[in-house]
Amino acid sequence: MSFFTIVKLTIPVMMGYIPLGMAFGLLLAKLLIPWYYAFFMSVFIFAGSGQFLALTLFASQATILEIGIATFLLNLRHTFYGLSMISAFKDFSWKKHYLIFGLTDETFALLKTSEVDKDERERVYLWITFLNQCYWIIGSVAGAVLGNIVPFNYQGIEFSLTALFVVLSIELYKKNRLHKPFFVALIIGLFGMVFFPPQKMLILSLCLAAFVLIVFKRSMESGK
Amino acid sequence: MESSYLIGSIVVATLATYATRIIPFLVFRNREPSPLIKYIELTMPVMIMVILVFYALKDVKWESYPYGLAEIIGVGIAIFLHVRFKNALLSIFVATLAYMILIQNVF
């Protein structure tokens, strides 16, 4: 797979990460935190919603322990992503630790849907993860440094991440020989959006999905 | 804000985030994946992706004007284009552009 093809794969994430990263950087600047903290947070934490949460907690002067617990709970969903990647990363070298570190919602989505030959997989996965992190770092530092001087109205561009998830849902639906999980997830997602509190919606819906998968394993595997 | 507070928080948030990502790899390090894990690897990704769509829409105000119409149209365009042309970049780009035009100029 050529480098150009890999970059093309990551463009939707770039369209989401740069503006979202900028929003994060802007917020950080509003809290009067120096811009280089945006850089360090995006390099080391590298979790979109986790970093926004950290800013909220900074603003309310939460203790470091509280920040640790809240971040852990918020990002617990990533455990499910890892669970789906165990076989995929199994034969990779030590570099897989960077892949595990960089397993965000969007990176997971791209890795899971990209079709790569086995011998190329490690290299391509590393590039995808690295490019995604670069977009996030560039966005967050730009937001923190530039503040509100942005030349065009990019309001709404973060919808590219929603569209990315829609497209990848369709891809995974077509790829999978079992179709029931897709429809069950539609119901759970809708239910979660309506009834679960927004901050906890993702982790609760994912737990519910895992629960349904395990309890109704036989029925999920039967039929189409 | 004190730099020791900020640095301490960043270190803790980094470790907490990394922990959530590495846990499954540590737990299943030395074992052959069981049939249950293989089943979860097969079925969970599509469920995660569909749920992420709803997660991305969780802050939409459905009960007041414009009743999430921009989001519904945007998602509809993405689905239609992707089923019809199977070009991910095209579907995402056009859907996003339509959404931006809708929220900036129409609603």
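The listed protein sequences correspond, in order, to chains A and B. Per our numbering, numbering through the first sequence is continuous, rising by one, with the last residue being 224. Per our numbering, numbering through the second sequence is continuous, rising by one, with the last residue being 331. We put the beta carbon where it would ideally sit given N, CA and C, even for glycine.
Check                                                                                                                       : Outcome
Integer-rounded CB distance, given that I128 (chain A) should sit under 8 Å from L110 (chain A)                             : 5 Å
Assigned exposure category for Q51 (chain A) - 16 Cβ within 10 Å defines buried                                             : buried
Where N250 (chain A) sits in the DSSP three-state scheme                                                                    : Residue 250 (chain A) lies beyond the residue range present for chain A, which begins at 1 and ends at 224; the question has no answer from this structure.
Chain B within 8 Å of I138 (chain A), Cβ atoms only                                                                         : no
Neighbour-count burial assignment, D119 (chain A), 16 or more Cβ in a 10 Å radius                                           : exposed
With 16 other Cβ atoms within 10 Å as the buried cut-off, status of E295 (chain B)                                          : buried
Range of the contiguous alpha helix (DSSP H) that encloses H97 (chain A)                                                    : 96-101
Inter-stretch contact (C-beta, 8 Å, three-pair minimum) for the stretch 64-80 of chain A and the stretch 199-210 of chain A : yes
N-terminal and C-terminal residue of the alpha helix (DSSP H) that T241 (chain B) is part of                                : 227-251
Chain-ordered chain A contacts of S315 (chain B) [CB-CB under 7 Å]                                                          : A163, V167
Coarse secondary structure for N254 (chain B), derived from DSSP in three states                                            : coil
Extent of the continuous alpha helix (DSSP H) to which H179 (chain A) belongs                                               : Careful: H179 (chain A) lies outside any alpha helix (DSSP H) and carries neither H nor E.
Span of the alpha helix (DSSP H) around V116 (chain A)                                                                      : Neither: V116 (chain A) is in no alpha helix (DSSP H) and is coded neither H nor E.
Within-8 Å CB hit, K285 (chain B) to chain A                                                                                : no
Element boundaries [alpha helix (DSSP H), containing L293 (chain B)]                                                        : 293-309
Residue of B:I272, B:L250, B:N329, B:F249 minimising C-alpha distance to I170 (chain A)                                     : B:I272
T241 (chain B) beta carbon less than 8 Å from that of I67 (chain A)                                                         : no
Cβ neighbour criterion (16 or more within 10 Å) applied to Q155 (chain A)                                                   : exposed
Integer-rounded CB distance, given that G189 (chain A) should sit under 8 Å from V210 (chain B)                             : Past the boundaries of the shown model lies residue 210 (chain B); chain B is included only from 225 to 331, so the question cannot be answered.
Per-residue DSSP class, three states only, for M268 (chain B)                                                               : helix
Interface residues of chain A facing R308 (chain B) [CB-CB closer than 8 Å]                                                 : Per Cβ cutoff of 8 Å: no residues; R308 (chain B) is ~11 Å from chain A at best.
Given 8 Å, three or more beta-carbon pairs between the stretch 7-19 of chain A and the stretch 30-39 of chain A             : no
F4 (chain A) at chain B interface by Cβ criterion, 8 Å                                                                      : no
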